């Protein structure tokens, strides 16, 4: 009796699977509805490019400050007058600090420009809500 029940149960499952699959094939033959994609928003990236150009300018300027610091340090080493020695050393340190500040600031501006251009998404793209009579859609992106 147990074998007969198991065989009957297997036959019912097989038939129901075949019937469901036959109906599913008929449904899959219908074309999918087309979902129109919104056109990509064109946004100018002026601030990003301006930041990158300003950063590149600061990095290039840091090399000029470095050269001026090296020249002042060479004059410091060659000088024999105590007042001039102190003045040249102060100039060398000042130009060296300006060089470091310009280099770090330029690198930060270039990185910020790259962030603005490629990584940052405007606030309007993060949350969107579409409301129609037949459906409602909410999209939240981090």
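Numbering (this note's numbering), first residue to last: 17 to 158.
For each residue, glycine too, the CB sits at the ideal point set by N, CA and C.
Bear in mind the structure is a predicted one, so any value in this text is a computation, not a measurement.
For the alpha helix (DSSP H) that residue 109 lies in, which residues bound it at each end?
Segment 98-130, the alpha helix (DSSP H) holding residue 109.
What are the boundary residues of the alpha helix (DSSP H) that includes residue 67?
62-94
Does the distance from the CB of residue 125 to the CB of residue 93 come in under 8 Å?
no
Whole-angstrom distance between residue 100 and residue 4, CA atom to CA atom:
Past the edges of the chain, shown from 17 to 158, lies residue 4, and the structure says nothing about it.
Measure the C-alpha to C-alpha separation of residue 91 and residue 82 and round it to an integer number of angstroms.
14 Å
Distance, residue 87 Cα to residue 72 Cα
Answer to the nearest angstrom: the Cα atoms are 23 Å apart.
Through-space distance from residue 122 to residue 70, alpha-carbon basis
Their backbone Cα atoms lie some 7 Å apart in a straight line.
Is residue 57 helix, strand or coil by DSSP?
coil
Does the distance from the CB of residue 85 to the CB of residue 112 come in under 8 Å?
Going by C-beta atoms, residue 85 is nearer than 8 Å to residue 112.
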